[in-house]
Amino acid sequence: MAVVVERKTCIAERNTKRIRHNSPFHTWIQGRASRPFSLPPRAQVSVKFELYYAYLCPPFHSEQFSEHCTTALSMDGADGVYPSSEDTFLLIEALELDTSRIVDATKNGGLCLDLGCGSGEVSEALARITPTSFCISTDVNHLATTKTRELLQNNGLINVDIALCDLFTAFRSTVRFDVILFNPPYVPTDQHELEHAIAERDIYASWAGGKDGREVIDKFLATVNYFLSDRGIVYLVTLETNKPNEIISIAEVQGLHACQVLKRRAGIETLYILRLGKRRDDG
């Protein structure tokens, strides 16, 4: 079984450790999928999902989904919501490094947006950095919005609201944000997997990026300028295979200044945090 090398959670060793060591499949996983397996449909989905995070099997497609999929994805943190991973932590680190810039962009009260909030850790970090601002967290996956809401409520953060939507579709064209965060579905995938993500709006939507992992990113770039305030800044997570330099060029064509804020090797891939803004010193 071929090892999948382009997965959104980039460090295979770390993800392998995430799998329960008392799991009946742990020994098999440690053997690096050296022999085929045959399991009933109910188990196959969940096992493949575990292995997907450990780079030990290729993605499975929508025709392989069973009626038990939702139940099967509830194990080992794979609860249908993209878990905090290297890209999550790198984005939070970028926010911490740029705290003074973010505070300046949101002074006197600002409006912030976290697109694709996932499990909510980035939204939590943003809400803490900008306590006088109002933040909105969105996702296409209703399980993600529910989990984010629970996290924020448990931490007593009341300056955040949640919306279930795709990109900017929930907002009037007159809305302008001072800070926009986006950890997009950037993994290069085949068209079938992308179509499943669009149709089902499940956890696949957190990583399925289509050709070069750019389908959703390019859609975002074509729109973000219209929803950004004059002092607004954008933080965008990308992968090296997304061609970040080309993304910067596209942003500049859209009238934004852009630059690389952070770059980090993660396993076999390299993650980037790009900053976009209307002010020259933001690029």
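Going by full-length UniProt numbering, 277 is the number at position 277 of the sequence shown; the sequence numbering is gapless.
All C-beta atoms, glycine included, are put in the ideal place defined by N, C-alpha and C.
- Excluding five sequence positions before and after ILE162, the CB atoms of its chain that fall closer than 7 Å to its own CB belong to SER137, THR145, THR148, ARG149, given in chain order.
- Cβ-Cβ distances below 8 Å link LEU221 to ILE247, ILE250, ALA251, GLN254 in the same chain, with the five nearest sequence neighbours on each side left out; the list follows chain order.
- Using a Cβ-Cβ distance cut-off of 8 Å, the stretch 177-184 and the stretch 84-104 are in contact, since at least three pairs of beta carbons, one from each stretch, lie closer than that value.
- In the three-state reduction of the DSSP assignment, GLN260 falls in the strand class, which pools E and B.
- The residues GLY116, CYS117, THR145, in chain order, have a CB closer than 6 Å to that of ASP139 in the same chain once the five nearest residues on each side in sequence are set aside.
- A contact between stretches requires three or more CB pairs, one per stretch, nearer than 8 Å, and the stretch 163-175 meets this requirement with the stretch 223-238.
- In this chain, THR88 is not harboured by any beta strand (DSSP E); it is covered by the alpha helix (DSSP H) spanning 86-97.
- Rounded to whole angstroms, the separation of the alpha carbons of LYS219 and ILE158 is 31 Å.
- SER249: member of the alpha helix (DSSP H) spanning 244-253, first to last residue.
- DSSP, read as helix, strand or coil, puts ARG176 in coil.
- Every alpha helix (DSSP H) of 4 residues or more that sits fully in the UniProt domain "Methyltransferase small" (108-192) is shown, in chain order, as 121-129, 142-154.
- One Cα belongs to LYS107, the other to HIS192, and the distance between them is close to 44 Å.
- Taking ASN155 as reference, the option from GLU121, SER133, PRO185 with the minimal CA-CA separation is GLU121.
- For ASP230, the enclosing beta strand (DSSP E) stretches over residues 228-239.
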